[in-house]
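**Student:** In my numbering, the protein residues as written are 79 to 362.
Note that the Cβ used here is the ideal one computed from N, Cα and C, for glycine as well.
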């Protein structure tokens, strides 16, 4: 049974139309490559991260190829109108959106993250229970290398919907260490010795200056908080904390400053009270 008998007329395809459609598609692919390179270079020149420039360049190239494919189909099948192609694409997009909701959600979240550019490859971030260095950023997920050497793939939807701490968002970060001291020390001397010990360390930044602040009073003890600024990367903060602890304790020891108290507070329980009374009666 022919197409005429059934009332369904197939679009007429000619060799000339097929050649023009193929040429259009080839030109679209080449133009898409040029657009991809141009957008990538332009975004890199404007200071965007390499990953952001690469992804948006690829998206621009794919858009050009998609438009070229639509034009090629229109040339190949003259009876097919562009509006029909757009309608078909719309239906397919709705179906794909329902079937791949999570995937598309991660992709749109990736576009937003890359467009904002709040962090990039090489930055150290923490989200939920994961922390590490960003090694790759894509449309669907972001890869980080944890500080103990593991690779974690985080969906971009998670990054977009949860608080993200960018440890390297600024050049310097402040750290704090608490030291417990006996309250019979000369408190002004304690403060001066601690600050001088921190100032002399190369891993501690000179601006802002380190501080030594008394924060809590205990039972014959006081707590001294050592505040100092160092480089933002985790290794820099760890090295600075190690240097501060060693330098301040050595300085306290050289100055004769006691860093703890021998006083121990014991709660009086009924059993201890009975034992105390029996001991007292025996001695009497």
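Looking only at C-alpha atoms, which of 230, 190, 315, 283 sits nearest to residue 246?
**Tutor:** Residue 315 is the option with its Cα nearest to residue 246.
**Student:** Quick one: grab the DSSP three-state call for residue 292.
**Tutor:** Strand.
**Student:** For residue 248, is the classification buried or exposed, using 16 other Cβ atoms within 10 angstroms of its Cβ as the cut-off for buried?
**Tutor:** Exposed.
**Student:** Under 8 Å, do residue 185 and residue 206 count as touching if we go by C-beta distance?
**Tutor:** In this structure, residue 206 does not lie closer than 8 Å to residue 185 by Cβ.
**Student:** Buried or exposed: which applies to residue 79, given that a residue is buried once 16 or more other Cβ atoms fall within 10 Å of its Cβ?
**Tutor:** Note on residue 79: pLDDT 44, under 50, position unreliable in the model; the coordinate value appears next. By the neighbour-count rule (16 or more Cβ atoms within 10 Å), residue 79 is not buried but exposed.
**Student:** Which complete beta strand (DSSP E) runs does the region 225-295 hold, if anything under 3 residues is left out?
**Tutor:** Runs of the beta strand (DSSP E) inside the region 225-295: 229-233, 242-244, 250-260, 289-295.
**Student:** Note the first and the last residue of the continuous alpha helix (DSSP H) segment covering residue 330.
**Tutor:** Residue 330 -> alpha helix (DSSP H) spans 312-333.
**Student:** Quick check on DSSP: helix, strand or coil for residue 223?
**Tutor:** Residue 223: strand per DSSP, three-state reduction.
**Student:** Leaving aside the five residues before and after residue 214 along the sequence, list all residues of the same chain whose C-beta is less than 6 Å from its C-beta, in chain order.
**Tutor:** Excluding residues within five positions, the ones whose Cβ falls inside 6 Å are 221.
**Student:** Taking contact to mean at least 3 C-beta pairs separated by less than 8 Å, is the region 233-247 in contact with the region 273-280?
**Tutor:** No: fewer than three Cβ pairs fall under 8 Å.
**Student:** Return the CA-CA distance between residue 281 and residue 311, expressed in angstroms with no decimal places.
**Tutor:** Going from the Cα of residue 281 to the Cα of residue 311 covers about 12 Å.
**Student:** Which partner residues of residue 307 appear in the DSSP bridge assignment?
**Tutor:** DSSP output for residue 307 lists 252 as bridge partner(s).
**Student:** Pull up the DSSP beta-bridge partners for residue 202, would you.
**Tutor:** Its beta-bridge partners are 211.
**Student:** With DSSP run on the structure shown, which of helix, strand or coil describes residue 299?
**Tutor:** Residue 299 falls in the strand class under three-state DSSP.
**Student:** Hey, quick one: how far does the alpha helix (DSSP H) through residue 130 stretch, first residue to last?
**Tutor:** Its alpha helix (DSSP H) spans residues 128-154.
**Student:** Here's the rule: buried if 16 or more other CB atoms are within 10 angstroms of the residue's CB, otherwise exposed. What is residue 202?
**Tutor:** It is buried - the Cβ of residue 202 has at least 16 other Cβ atoms within 10 Å.
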